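Colleague: Just passing along the structure, written as structure tokens.
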Amino acid sequence: MQRKFLIMNLAHRRFRSLKQVHCLLTMIVCLFLQISVSVLSEKMYATEPAATATAFVKTATEKQSEQTKNTMGVVAADCKKCHPAEVATWMKTVHFQSPDLRLYKFEGNTIKYATAMGLTSADLLADSICADCHATKAIRDGQVKVISGVSCEKCHGAAGGDEGWLNRHQSYHSSMPIPRADETPEHRAERIKACDNAGMIRSSNLYSLSKACFNCHLVGNEKLIAAGHKAASAFDFVSWSSGEVRHNFLVNKSDNADAPSLWMERTGGNSENRRRMKFVVGTLVQLEKALRLRAKASNPAVIPQLSGIIAAANGKLTQINAIAPTPEIQKVTMLITPMFGTLFAPLPTDKETYTKAADEVATQTKLFAETHDGSTLAGLDSMINQLPPHYSQQYQDKYLKN
Ligand code: HEC
Ligand code: HEC
Ligand code: HEC
Ligand code: HEC
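Here is the structure:
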């Protein structure tokens with residue numbers, strides 16, 4: 075925008091000095107230069123070139139009907155101009171690589187699972203259940219397509235569309251393009267609220283952040299599990315978010331902080347307290363999600379796997395509550411422990427029983443996340459210290475061996 079403005083100004087002055095021919099030539103050259111500069115910079119940011127060309131937020135030609143609230147399909151390139159360090163870190167993760175590993179090459183277990191689900195290799199690049207977890211899908215040219223690996227939006231919420239959070243996230247004044255440093259505190263508070271309302275999941279929202287992880291790391295589809303796909307990752311929120319996934323660069327682009335740097339700056343929170351809250355909230359969310367899947371399960375081969383996760387999470391919470399008692403966890407364990415008698419047996423009332431339990435766990439989890447800040451949970455540190463940062467095998471082979 076600024077560049078265009080300068081060029082127009084320049085052109086205007088030259089017109090007045092009556093060197094019109096010269097001016098026209100200059101304008102043409104300038105325009106050409108400008109076009110090539112913007113094409114070039116587009117390329118520089120384009121971590122996913124095909125998708126970038128039609129990113130929702132930038133492309134005016136995209137069909138209006140597709141620009142709905144919470145449109146998924148803004149790509150990392152749209153974040154990169156302001157978050158280069160986060161994007162660079164993400165590009166090393168197995169999240170980024172997952173379509174290459176599991177969807178683009180139709181081989182090995184991919185064939186096995188896809189065939190069992192009635193999917194072809196072409197389906198895997200378009201609208202498949204596999205791409206729900208191994209990729210990000212969006213509408214391109216009127217069709218649902220895989221546009222990237224597990225993207226920023228998969229964890230931070232769908233950002234695109236006119237009403238999407240990205241438009242508000244990067245606007246520091248209601249009508250003028252001013253630098254962030256000049257934003258008023260009122261506008262800032264309002265902006266953050268608007269982003270939250272539009273579905274942005276920020277660092278301070280531990281409940282929704284960990285929910286995002288478990289949406290993929292706990293697999294509910296019984297047919298898929300019966301075909302041999304894992305029912306769950308050996309996931310804990312503390313380890314798994316502090317290894318290859320960690321990208322806390324907001325305050326200092328060259329230092330990947332232990333905990334979200336902006337959150338620490340704003341709230342005075344520290345990484346010890348953050349880890350404690352992650353440990354408890356992550357376990358509660360794992361329990362909630364497993365209960366929801368258990369509510370839907372009917373396959374006798376799958377039920378024990380989900381029930382095992384419920385039992386293990388409840389066991390961990392019982393241990394947590396013995397060391398650092400809180401009313402919320404107390405309520406959860408008192409609700410779940412008596413259910414053990416029938417946990418492993420399928421009953422016609424399962425749907426109602428486990429949905430109700432999951433709802434109650436969700437209520438207590440949100441309450442826990444609001445009420446506590448981790449400072450009174452130091453007793454949990456000996457448990458937490460046994461949870462080292464987790465890295466995928468691919469990451470270890472590529473980046474941690476010397
Ligand atoms: C125009 C620059 C700009 C763009 C584009 C941008 N961000 Fe940001 N982002 C910022 C700034 C600046 C902050 C620091 C906090 C603030 O003032 O909002 C931030 C903060 C954040 C936070 C932390 C918010 C919090 O309150 O904890 C997240 C998460 C985030 N951005 C994700 C993204 C994602 C994902 C994208 C791409 C879809 C993106 N951003 C695009 C500038 C940008
Ligand atoms: C609910 C989310 C989810 C769905 C749906 C899903 N996956 Fe996965 N998949 C995962 C996760 C998470 C892992 C990594 C598990 C781990 O090791 O922690 C994984 C691992 C894999 C692996 C490597 C491990 C192995 O078993 O060989 C393959 C291959 C795979 N998935 C293929 C598929 C295919 C093909 C589909 C669709 C038919 C599919 N997945 C559907 C989440 C999912
Ligand atoms: C959209 C689905 C999705 C979401 C959301 C998601 N993951 Fe994953 N994650 C995967 C899949 C799929 C894999 C396995 C990739 C593969 O091997 O193809 C994976 C792998 C990982 C790995 C590497 C594990 C290993 O040993 O290979 C880590 C660590 C990880 N995820 C952490 C997280 C955390 C932390 C969150 C939440 C903040 C999260 N993930 C959210 C789908 C997801
Ligand atoms: C697998 C899930 C996942 C993905 C994918 C992901 N994030 Fe995050 N992001 C998180 C989590 C979890 C946190 C909080 C980190 C913590 O607690 O240590 C976070 C924090 C942030 C922050 C705040 C950091 C700070 O210093 O305050 C920004 C900014 C951000 N993410 C941007 C991005 C961008 C840009 C992308 C895409 C390139 C992205 N994220 C992809 C899960 C994810």
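379 is the number that the working numbering gives to position 305 of the sequence shown; each next residue is one higher, with no gaps.
The C-beta atom is built at its ideal place from N, Cα and C for all residues, glycine as well.
In this text the structure is predicted, and so the values were computed from the model without any measurement.
1) Would you mind stating whether Ala419 and Lys363 have Cβ atoms separated by less than 9 Å?
2) Taking the DSSP output, what are the residues bridged to Lys219?
3) Within this structure, are the beta carbons of Ala212 and Asp152 separated by less than 9 Å?
4) So, does the segment 358 to 372 touch the segment 287 to 295, judging by three or more C-beta pairs under 8 Å?
5) Residues bridged to Ala306 by DSSP?
6) Mapping the DSSP letters down to three states, classify Gly234 as helix, strand or coil.
7) Considering only the beta carbon of each residue, do Arg368 and Leu417 sit closer than 9 Å?
8) Is Ala196 helix, strand or coil by DSSP?
9) Nearest CA to the CA of Ile384: which residue from Val435, Glu227, Glu346 and Pro399?
10) Tell me which residue opens and which closes the alpha helix (DSSP H) that Leu451 is part of.
11) Put Thr485 into one of helix, strand or coil per three-state DSSP.
12) I'd like to confirm something about Val218: is its beta-carbon nearer than 8 Å to some heavy atom of ligand 2, or not?
13) Straight-line CA distance for Ile203 to Thr439?
14) Give every residue of the same chain whose Cβ lies closer than 6 Å to the Cβ of Cys207, excluding the five residues on either side of it in the sequence, and list them in chain order.
15) Ligand 1 heavy atoms versus the CB of Glu227: any closer than 8 Å?
16) Helix, strand or coil: which one does DSSP assign to Ser245?
17) Rounded C-beta distance between Val224 and Ser172? I'm assuming under 8 Å.
18) Residues in its own chain within less than 6 Å of Ala443 by CB, not counting five upstream and five downstream?
19) Going by beta carbon distance, what residues of the same chain come within less than 8 Å of Gln404, once the five residues before and after it are set aside?
20) Would Arg276 and Cys269 be called neighbours here (beta carbons separated by less than 9 Å)?
21) Contact check, Met413 vs Leu298 under 8 Å by CB: the rounded distance?
22) Please state whether DSSP places Gly182 in a helix, a strand or coil.
23) Are the beta-carbon atoms belonging to Gly147 and Arg214 less than 9 Å from one another?
24) Would you report the Cα separation of Gln244 and Ala159, rounded to the nearest angstrom?
25) So, with DSSP's three-state summary, where would you put His157?
26) At the level of alpha carbons, what is the spacing between Leu198 and Glu339?
27) Going by the beta-carbon positions, is the gap between Arg320 and Thr423 smaller than 9 Å?
28) Expressed to the nearest angstrom, what Euclidean distance is found between the alpha-carbon atoms of Asn183 and Leu193?
29) What residue range is occupied by the uninterrupted alpha helix (DSSP H) comprising Lys472?
30) Does the distance from the C-beta atom of Ala333 to that of Gly343 stay below 9 Å?
31) In its own chain, which residues sit with a C-beta less than 8 Å from the C-beta of Leu454, not counting the 5 before and 5 after it?
32) So, using beta-carbon positions, are Ala375 and Ala300 closer together than 9 Å?
33) Sorted by chain position, which residues of the same chain lie with C-beta nearer than 8 Å to Met274's C-beta, five sequence neighbours on each side aside?
34) Ligand 4 heavy atoms versus the CB of Asn322: any closer than 8 Å?
35) What's the C-alpha gap between Lys430 and Ser315?
36) Closest by CA to Gln379, which one among Leu365, Lys390, Leu391 and Thr392?
Modeller: This is what the structure gives:
1) Translated into positions along the sequence shown, residue 419 becomes position 345. Translated into positions along the sequence shown, residue 363 becomes position 289. No. Outside cutoff.
2) Against the sequence shown, residue 219 aligns to sequence position 145. According to DSSP, Lys219 shares a beta bridge with Ala212.
3) Position 138 of the sequence shown holds residue 212. Position 78 of the sequence shown holds residue 152. Their beta carbons are not under 9 Å apart, which means Ala212 does not touch Asp152 by this criterion.
4) They touch, by the three-pair rule.
5) Residue numbering aside, residue 306 sits at position 232 when the sequence shown is read from its first letter. In the DSSP secondary-structure assignment, Ala306 is bridged to Leu292.
6) Position 160 of the sequence shown, counting from 1, holds the residue named residue 234. Per DSSP, reduced to three states, the secondary structure at Gly234 is strand.
7) The residue labelled residue 368 in the question sits at position 294 within the sequence shown. The residue labelled residue 417 in the question sits at position 343 within the sequence shown. At the C-beta level, Arg368 and Leu417 come within 9 Å of one another.
8) Start at 1 with the first residue of the sequence shown, and residue 196 comes out as number 122. Ala196: helix per DSSP, three-state reduction.
9) Residue numbering aside, residue 384 sits at position 310 when the sequence shown is read from its first letter. Closest option to Ile384, Cα to Cα, is Val435.
10) Position 377 of the sequence shown, counted from the first residue, corresponds to residue 451. No alpha helix (DSSP H) contains Leu451, which DSSP labels as neither H nor E.
11) Shown here, the chain extends from 75 to 476; a query on residue 485 therefore has no answer.
12) The sequence position of residue 218 within the sequence shown is 144, counting from 1. Placement of the Cβ of Val218 at a distance of 8 Å or more from every heavy atom of ligand 2 is found.
13) Looking up residue 203 in the sequence shown gives position 129. Looking up residue 439 in the sequence shown gives position 365. If I take the Cα positions, the gap works out to 28 Å.
14) Counting from one through the sequence shown, the residue named residue 207 turns up at place 133. Within the same chain, Cβ atoms closer than 6 Å to the Cβ of Cys207 are found at Cys290, the five residues on either side in sequence being excluded.
15) As a working mapping, residue 227 is identified with position 153 in the sequence shown. Using a cutoff of 8 Å, the CB of Glu227 counts as near ligand 1, since one of the ligand's heavy atoms is closer than that.
16) Position 171 of the sequence shown, counting from 1, holds the residue named residue 245. DSSP places Ser245 in coil when its eight states are reduced to three.
17) Along the sequence shown, one-based indexing puts residue 224 at 150. Along the sequence shown, one-based indexing puts residue 172 at 98. Sure, about 6 Å apart at Cβ, within 8 Å.
18) In the sequence shown, counting from the first residue as 1, residue 443 sits at position 369. Hits under 6 Å: Leu280, Tyr281 and Val355.
19) Residue mapping note: residue 404 aligns to position 330 of the sequence shown, counting from 1. Asn395.
20) Locating residue 276 in the sequence shown gives position 202, counting from the first residue. Locating residue 269 in the sequence shown gives position 195, counting from the first residue. Yes, these two residues count as a Cβ contact at 9 Å.
21) Locating residue 413 in the sequence shown gives position 339, counting from the first residue. Locating residue 298 in the sequence shown gives position 224, counting from the first residue. Rounded, the Cβ-Cβ distance is 26 Å, inconsistent with contact.
22) As a first step, residue 182 is located in the sequence shown; it is residue number 108 there, counting from the start. Judged by DSSP in its simplified three-state form, Gly182 adopts helix.
23) Position 73 of the sequence shown, counting from 1, holds the residue named residue 147. Position 140 of the sequence shown, counting from 1, holds the residue named residue 214. If you check the CB distance, Gly147 and Arg214 come in under 9 Å.
24) As a working note, residue 244 is residue 170 in the sequence shown. As a working note, residue 159 is residue 85 in the sequence shown. Computed Cα separation, rounded: 17 Å.
25) Position 83 of the sequence shown, counting from 1, holds the residue named residue 157. Coil at His157, not helix or strand.
26) Reading the sequence shown from its first residue, position 124 is the one you call residue 198. Reading the sequence shown from its first residue, position 265 is the one you call residue 339. Their Cα atoms are separated by approximately 42 Å.
27) Here residue 320 refers to the residue found at position 246 of the sequence shown. Here residue 423 refers to the residue found at position 349 of the sequence shown. The criterion of a C-beta distance shorter than 9 Å is not satisfied by Arg320 and Thr423.
28) Counted from its first residue, the sequence shown places residue 183 at position 109. Counted from its first residue, the sequence shown places residue 193 at position 119. One alpha carbon belongs to Asn183, the other to Leu193, and they sit about 13 Å apart.
29) Sequence index remark: in the sequence shown, residue 472 carries index 398 (1-based). No alpha helix (DSSP H) contains Lys472, which DSSP labels as neither H nor E.
30) Residue 333 sits at position 259 when you count from the first residue of the sequence shown. Residue 343 sits at position 269 when you count from the first residue of the sequence shown. Taking 9 Å as the cut-off, the beta carbon of Ala333 is found closer than this to the beta carbon of Gly343.
31) In the sequence shown, residue 454 corresponds to position 380, counting from 1. When the five nearest sequence neighbours on each side are left out, the beta carbons in the same chain lying within less than 8 Å of the beta carbon of Leu454 are those of Arg350, Phe353, Val354, Ile394, Ile397 and Ala398, in order along the chain.
32) Counting from one through the sequence shown, the residue named residue 375 turns up at place 301. Counting from one through the sequence shown, the residue named residue 300 turns up at place 226. Contact: yes.
33) As a working note, residue 274 is residue 200 in the sequence shown. Excluding sequence neighbours, Met274 sits near His230, Gly231, Ala233, Trp239 and His243.
34) Against the sequence shown, residue 322 aligns to sequence position 248. Indeed, a heavy atom of ligand 4 lies less than 8 Å from the Cβ.
35) Here residue 430 refers to the residue found at position 356 of the sequence shown. Here residue 315 refers to the residue found at position 241 of the sequence shown. The straight-line gap from Cα to Cα measures roughly 29 Å.
36) What you label residue 379 is simply residue 305 of the sequence shown in a count that begins at 1. Looking at the Cα atoms, Leu365 is the closest of the given residues.
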